[in-house]
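Residue numbers (the working numbering), protein chains in the order written: chain X, 4 to 488; chain V, 906 to 1116; chain S, 456 to 756; chain F, 178 to 788.
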Amino acid sequence: MSIVIVLGIPLLLALGSLFVRKERLFGVINCLGYFIVLCASIVLFNQTVFAGHIRAFFDFIYLDLLSAVFIVVIAVVAFASALYSIAYIKKDIQQKIISPGKERFYYLLFNLFCFSMFCVPAMNNLGMLWVAIEMTTLISAFLVGFYNSKESVEAAWKYIIICSVGIIFALLGTILFSYAFSISGLSKSLNWSDMLPVAQVLNKNILKIAFIFILVGYGTKAGLAPMHTWLPDAHSQAVAPISALLSGVLLKTAIYAILRFGIIIIKSGEFAYFSHLMILFGVISLVISSGFILVQKDLKRLLAYSSIEHVGIISIGFGLGSPLAIGGAILHVFNHAVTKSLMFFGAGNIVSAYKKHNMNSIRGVIKVLPFTGIRVLLGVFALTGFPQFSIFISEIMIILAAFTNGSYLIAALLLLFLAVIFGAFIYHFGKMLFGNHPKDAVTQGEPFSGKLAFLFLLFLICGLGVVLIFKYKDLLWLAQRLLQG
Amino acid sequence: MQGIILFVLLVSTYLMVIAKRTSALIRSFRYQSLCLFVITFSIALTQREPELYIVAGLLFILKVLLIPYLLYRIIRRIKVSEDLGLFINPQLSLLWALAFTYLSWIFASYIVSANNTILTGTLAIAFFVVSAGMFLMVFRMTALSQIIGLLVMENGLFLLASTVSGGMPFFVEIAIFFDVFVSVLIMGFFVYRINKLFTHIDVNKLSRLKG
Amino acid sequence: MIILQIILFILAAPLLSGLITKLKNNLRMRKGQSVFQPYYNLAKLFLKDEVISETASWIFRITPCVVLSSTLVAAILIPVFIFSSSVHQMGDFFALVFILALARFFLALSALDTGSSFGGMGASREMFISSLVEPALCMVILSVGLQFGSTDISVFSGAHAITVSSVVAAAALFLIILAETSRIPVDNQETHLELTMVHEAMVLEYSGRSLALIEMASYIKQMIFFFLIAQLVFPIGKPIGTFCQIIFWVLWYLMRLGIIAIIVALVEVTMAKMRLFRVADFLGFAFVLGIVATVCAILGV
Amino acid sequence: MLNLLAKNLFLFDPLSLFFLAVIFIVSLPSLVYSFGYLKGEYSFAKIILAQILLFAFVLSMALVVSVSNCLIFLIFWEIMSLISYFLVVFDTKNARSIQAGLIYIVMTHIGTAFIIAAFMILYNHTHSFDFLAIKNACKILPSGTKDIIFLLFLIGFGTKAGIVPLHIWLPYAHPQAPSHISSIMSGVMIKTAIYGLIRFVISILGVNSSWWGVLIMILAVISCLVGIIYALMEHDIKRLLAYSSVENIGIILLGVGLAMFFISLNLPYLAVFSLIAGLYHLINHAIFKGLLFLCAGSVYKATGTRHIEKLGGLIKKMPQTAVYFLFGAMAISALPPLNGFVSEWLTLQAFFLGAFNVAGGSKIFLGICAAMLALTGGLAAACFVKVFGLTFLAKPRSHYAESAKEVALSMRIGMLILVVLIVIFGLAAALIIKLLAKVAGSVLGIDIGAMSFSLNNLTLSPQIAKSVYLSIPALALWLIVFGIISFVIYRIFGKAKSVISKTWDCGYYKFDSRNEYTATAFSKPFRIAFSFFLLPYRKTQKIRESFYHIKSFTYETHTTKVIKKYIYDPVLTLVFKTAKFMRRMQPGSIHLYLGYVFVTLLLLIIFMRQF
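Here's what the structure looks like:
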């Protein structure tokens, strides 16, 4: 039942956004809607934890623990960005960047985007999974190209072309999966729930090739290294709440898709193959993103590259495969989504206050926007893995898994690049946050809803950081359950 | 009979690869979709599944009639030069196409167990069509060529799906068609926006976002 | 007994310095001043007025007392008459070195206090030389310690066989003395030429009674070092036996210091003053000598 | 398995109690001092923030030394560095503090990465994060991994302690923080790294190969010499004190390294003795370095500048701060009656006793280390004569010094407490050594009943060495007695008249503050003596009115920071060059991006068999 709420409400809100005249009122409704969605997803999570998995809507929707976790992540970030977008859009209208009419269009797209993202983890049929991801790409293309400037159109075009190419390769992989499935003489349906028990029987060779296509296809969407080129452009040009959604959650849905196929590969006994590939891509994205972060000049692109870095860490986590690593990776998915959206909200505030993306000309943020300044400072320390925050816990779990797994090289690489990226972040943000601010910038007050979004996310990061140290046991149990699917 | 149609499909893809002007490109895309329609129709006949008929019909309406019409409209509306802006000249691209046909044939034989050659043949052509689509996107400058490249890749996939595993579940096919159509619409819309902002649709010049 | 030793030191020290200057002049074929000239100087200084510069702070005034008191404390550490009494429990060879460092610390501060460039120059050179002396002195102490079991001074005050390592150690100590008591190769005592003077530059601002006290302290320091070398090269036990033996013991006791004075005078006459920055190599040589002494001590030679 | 809810989360053994004592001894006076110090400097809100951060900083340090679980230790360790970063960057206006904060946090973070790696390897072998469990499991650890873990710990804690090759951040970070904070940082925070080394290497890991101790001693000697030479060349008081912290950390590590050396040669009593020497110097350094930083802070508050060459003659304007600074300077240059002398004497004595009981070759090594320690002692004395002489004595050199006034009462009380502590720790040396013996015994796991420790007759009974005597109270007594005697001689014998007049200026009429010796001049002999290491740069220029008349003369000199120039800068330029090269990967053309996707696909298919 709760899955109907989770999927239904965004659709309702999408329709609602067409009719409601007053933007201010609609913003609040939007937040309420997503708050309900958040509660529904938590209820859903409890159900799947105990009930194993839920089927609904004559077998089209299949929810197990893995998808429930991702739905919760999407719900949290969606709620936060809904909260934030009220303030952000109002400020945009005041600054005449977008015309009032476009705001209704914005909310329509926002809700459709969330709806399509909620569909991805819910789908049982792998074909429908592909369709849902294609939907998310198409809708978010509009959101990336929302501002009518040359850069945003260019970013939208690159986003839509590269992601469509990626997704078509993923479709190729899905077809090869169904081909392997049909050779072994079983029923033709692409339902994941049917494929799983049969995994051992399938032809290993075709599965391996199919998984390559899946990995490259959905990897493009997830922003894994060589195919990440669209990510910095899209995230730096999109509207701030949307880029939070994009990098916080959209990448995770693609990772979810890779995981769905990964579990089949693991079940068919090819674990070594799966882990080598994932670790390879993880390390490459870590290397490339640390290079770019060091010499980055644009604030939002910096955060985009740090998303690539964290996606790399997550894929290394899943690649390592031990329950500790899987637990760490899942936790990292949640932590990164929350922390990254906090940082993007902060970046949004800074860019709209300073009207410049270039970091060298942004100085003294703490004096100009005291509230955002302090939150961004804490966010930076959270993002780079300082102890009090939750990302540190998940990173330590992954590194610990790498050590106990005996792969010292990967652990050493992880530690090295985390340190490099930490240095780069402090270098960039240190200069921006402190220092004496330019003459004209005056300390500006900030809207209440923006502050609410910040506090909600900050509470999550810090609270989780502390709670997790003690709740360690059942996180591992959860990770075990996850692998059975 | 199927062999001949496959051969015609292959020829239309070669035509596409060497095309210099956009309208030639769209015309050969139309031929390719026509061959695809004939193949799916023949499979539908052999396997007597009602759904395949609907899918073939849908394919015909969309791929042969509607989308080319839309593309022609775009060309007329934005009144931009017909030149496709080739990175590498047609002779080299033909050479490239031949190489990739051979490569996809090896790849197909690796996948399919050696006995039935027809299946390997169709698989090889499907892979080649996909790589031809990719070629169009990478080595052509205009935005339109990238849209058509995408459609060609999608055609290749559809060929692979229908021949190899007798097509995916019906509902999924419909959803994929709908998706392809929507994505073409959105890309067309973006092409208009690019043209309005940049007064040209040469995607290669779009490089303001660096580093 | 301690008072006896203090009086001995206060009285005998200037005599030693007078002896050296007398020897130097004789070697230069001059008649030179009388051996007791330092006593006359001290007496003269005590009677003269004292001029204190206005920029000087209270450090300038207390330095003479601190310098003299620390030198005297260093003096009572040396077991001239008392061999093992409660006094020795106060410190060992190292304590001696550090107490002399205390004196030097305050002297340098007072030199800087008057604000004249002579004082600054003197202080900087003095600290430079003394910091380079430390490692050599430490090696000497190590070699002596290795030989006699511990770094306590009373340990090697008894009669013991002359070994190669103690002789080499004595040579190293001799070089150190040339640096510490501002003898010719390192620093010239008599001159007031700012290019060459080190110790004199520091006490330039002093006059009258405070200068007297500082002079007395430097004589005592010289005596301490001479005594250490003497003990190393000509070891001597406790005075025992009949009365004439005691007299013979006392005579021999003072004769040793005389011999060392002669050697110092000889060195002063023959050598010319070295440039300040070559003092580093000079003391490096002393350090190497110290290492050689330690190696001999280890080998038990 | 990993049970983080271990009841005994905290463990208060003598070592932790000792370090807690060190933390609180230095933090309380700094707290008292901070009220006066912060009053004029910052707005009221910032003062509150400063006090909260100070309290959190001290709390986190206290927790670091008292926690018994590796993970929690790591967390508090990072929180400590985080808060100290905020404190270093506290004065956000000047750009230097941002750069200092950056270097500081990056270096400490890299250090922590090494510590994390070491903990992980330990966890790998012992499957637990609890200190005691690890300690038992470490006995059967293969010696190869023990060496790796030791090296990781050494680098990790070395960065935080400021051992030479890794000390780059210290002279930047400490001067930037507010003075009472840099006194805590220099006095105590560096010691938490020493606590880490002692706790993890000596008591948990267990020393079994002798090259560990030798390596630490070599590093310590280098840090001593490099630290003090740079301190001599430095003209900014607080940076000078930071460099002298590097030197004193070297001395402490000499003691600790010696203890490790003796453990590996299983001479337990000598190990305990040298650890006592190390710990004693640790607490002494905490006290007198804290005092010196507080005095530097009050000089900064009174005059507004930290540059020695602009100060002078402050003893007349700030008499009490001058006296406190004098006490601090005497203590740090190890002059007899005060505590610095005791710990330096103990370290030297540890070297000598070691030299007696150790086989041939290492006798020379220990001797040379002792000699280098003595050299550092001498140089330290020279350095602090320079600092005290130039800041406080003679005439004021600039308007900063003229306008100086005595600082607020709370600041003076803070300093007074530390001076009293210096004297107490000097005189009560015998008592304190007994306490430290218990601490060292508990760390090394040796019962110290058999050793008699009264400093007066320091007889290490089982060792074959004659007894050595040192009693500070007797020394102080005799110094005072003879001081009075010499004062009496001074009073009675000569004529009582003394005349106040101008300093002797060779008869010239013009005598002003420019004649005084400056810091550069004072350190010139040292600069030339150590020029092989400092590579001094010297440029003189004659500004001529005409060919014959020289109007003025410019003289410019500075020393090159060798380590920074030849190790850190090349690495940084390399990293940034590769990053710039990588940036060219994203030139903006969509065709290239599609090419990337296609090529990765092809490569994966071709090399599929390898995975």
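Think of the CB as a built atom: it goes at the ideal place given N, C-alpha and C, for glycine as much as any other residue.
A quick note: this is a predicted structure, and the numbers were derived from the prediction, not measured.
Anything in chain F within Cβ reach of residue i, meaning under 8 Å, just list it in chain order.
| i | result |
| --- | --- |
| W233 of chain X | Y770 |
| G755 of chain S | Within chain F, no residue comes near G755 of chain S; the closest Cβ sits about 11 Å away, beyond 8 Å. |
| V1057 of chain V | None at all; the shortest Cβ gap to chain F is about 14 Å. |
Is it right to say residue i is buried, meaning 16 or more other beta carbons lie within 10 angstroms of its own, or is it exposed?
| i | result |
| --- | --- |
| S638 of chain F | Low confidence applies here, because S638 of chain F scores a pLDDT of 41, under 50, leaving its location unreliable; read the following figure in that light. With fewer than 16 other Cβ atoms within 10 Å, it is exposed. |
| C699 of chain S | exposed |
| A616 of chain S | exposed |
| E987 of chain V | exposed |
| H304 of chain F | exposed |
| G104 of chain X | exposed |
| I727 of chain F | exposed |
| F425 of chain X | buried |
| M592 of chain F | buried |
Who are the neighbours of residue i on chain V, taking C-beta pairs under 7 Å?
| i | result |
| --- | --- |
| N338 of chain X | Neighbours of N338 of chain X on chain V: none; closest Cβ ~28 Å, over 7 Å. |
| I783 of chain F | In chain order: nothing, as chain V lies at least about 10 Å away. |
Does the beta carbon of residue i sit closer than 8 Å to a beta carbon anywhere in chain C?
| i | result |
| --- | --- |
| V1034 of chain V | Protein chains in the displayed structure are X, V, S and F, and chain C is not among them. |
Give the single residue among the options whose Cα lies nearest to the Cα of residue i.
| i | options | result |
| --- | --- | --- |
| V969 of chain V | V:L939, V:V1085 and V:I1079 | V:L939 |
| I509 of chain F | F:Q497, F:V564 and F:G660 | F:V564 |
| F699 of chain F | S:V521, S:K479, S:S579 and S:S572 | S:S579 |
| G466 of chain X | X:T256, X:L175, X:A202 and X:I396 | X:I396 |
| V943 of chain V | V:I909, V:I923 and V:A929 | V:I909 |
| A404 of chain X | X:G330, X:H238 and X:M198 | X:G330 |
| L471 of chain S | S:F682, S:P690, S:S620 and S:M729 | S:F682 |
| G473 of chain S | S:V756, S:M678 and S:A741 | S:M678 |
| V123 of chain X | X:I77, X:F82 and X:K153 | X:I77 |
| V79 of chain X | X:Q240, X:A456, X:G351 and X:D301 | X:A456 |
What in chain F is Cβ-close to residue i, meaning under 9 Å?
| i | result |
| --- | --- |
| K984 of chain V | Neighbours of K984 of chain V on chain F: none; closest Cβ ~23 Å, over 9 Å. |
| L412 of chain X | Near L412 of chain X there are no residues of chain F at all, since even the closest Cβ is about 12 Å away, more than 9 Å. |
So residue i contacts chain F; which residues on that side make the cut at Cβ distance below 7 Å?
| i | result |
| --- | --- |
| M1042 of chain V | L771 |
Which residues in chain X sit within 9 Å of residue i, going by Cβ to Cβ distance?
| i | result |
| --- | --- |
| G278 of chain F | I429, G433 and F437 |
Listing by chain order, which chain V residues have their CB less than 9 Å from the CB of residue i?
| i | result |
| --- | --- |
| A125 of chain X | Those do not exist, as A125 of chain X stays about 15 Å from chain V at its closest Cβ, beyond 9 Å. |
Return the chain-ordered ranges of every alpha helix (DSSP H) run that is complete within the region 228-286 of chain F and spans a minimum of 4 residues. 247-265
Can you list the alpha helix (DSSP H) stretches of 4 or more residues lying completely in the region 479-522 of chain S, in chain order? 492-502
Complete alpha helix (DSSP H) runs within the region 340-396 of chain X (minimum length 4 residues, chain order): 368-371 and 373-386
I'd like the ranges of any alpha helix (DSSP H) spanning at least 4 consecutive residues and lying wholly in the region 634-668 of chain S. 654-657
Do the region 387-404 of chain F and the region 449-466 of chain F meet, that is, are 3 or more Cβ pairs less than 8 Å apart? no
Would the region 318-325 of chain X count as touching the region 273-284 of chain X if we require 3 or more Cβ pairs under 8 Å? yes
Would you call the region 765-778 of chain F and the region 193-208 of chain X in contact, with 3 or more CB pairs under 8 Å? no
Quick check: the region 498-515 of chain S against the region 649-656 of chain F, are there 3 or more CB pairs under 8 Å? no
Check whether the region 293-311 of chain F touches the region 325-332 of chain F, counting contact only when three or more Cβ pairs, one atom from each stretch, lie closer than 8 Å. yes
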